[in-house]
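Chemist: One structure, pasted below without further comment.
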Amino acid sequence: MVGKNCFAIASDRRLGVQLQTIATDFQRISKIHDKLFIGLSGLATDAQTLYQRLVFRHKLYQLREERDMKPETFASLVSAILYEKR
Numbered sequence: 214m215v216g217k218n219c220f221a222i223a224s225d226r227r228l229g230v231q232l233q234t235i236a237t238d239f240q241r242i243s244k245i246h247d248k249l250f251i252g253l254s255g256l257a258t259d260a261q262t263l264y265q266r267l268v269f270r271h272k273l274y275q276l277r278e279e280r281d282m283k284p285e286t287f288a289s290l291v292s293a294i295l296y297e298k299r
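Read left to right, the sequence shown gives residues 214 to 299 (the numbering used here).
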């Protein structure tokens, strides 16, 4: 959902294996910086690993550029990271 100067992202917080619920407070939407969030689905360990790599790359970007990453740049980064394992 998008509006003028705002957005909303909905997500479930269930972590489970088939029909068994392991946790009901699993974080699927993560904050990169104040104006940039990412929602990750799929296998929990893969999502956590991807999030850690994205945070690492964002921090490197901040050190080099001395500014936060724009959403378009971050989208390209996510695309490159996901494609490099193909």
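Cβ coordinates follow ideal geometry from the N, Cα and C atoms, glycine included. Computed from a prediction, not measured in an experiment: that's the story for all the values here.
Span of the beta strand (DSSP E) holding GLN231?
Modeler: Segment: none, GLN231 is in no beta strand (DSSP E) and carries neither H nor E.
Chemist: So for LEU295, helix, strand or coil by DSSP?
Modeler: Note: LEU295 maps to helix in three-state DSSP.
Chemist: Over what stretch of residues does the beta strand (DSSP E) that includes LEU249 continue unbroken?
Modeler: From DSSP, the beta strand (DSSP E) with LEU249 extends over 249-252.
Chemist: Beta-carbon separation of GLY252 and ILE222 under 7 angstroms?
Modeler: For GLY252 and ILE222, yes; Cβs fall inside 7 angstroms.
Chemist: As a quick exercise: from GLN231, THR234, GLY229 and GLN261, pick the residue whose alpha carbon is nearest that of LYS244.
Modeler: Measuring from the Cα of LYS244, the nearest candidate turns out to be GLN261.
Chemist: Thinking C-beta only, is LEU249 closer than 7 angstroms to PHE220?
Modeler: No.
Chemist: Assuming LYS244 is part of the beta strand (DSSP E), what are its boundary residues?
Modeler: Per DSSP, LYS244 belongs to the beta strand (DSSP E) from 242-246.
Chemist: When DSSP labels each residue in this structure, what does PHE239 get in the three-state scheme?
Modeler: Coil at PHE239, not helix or strand.
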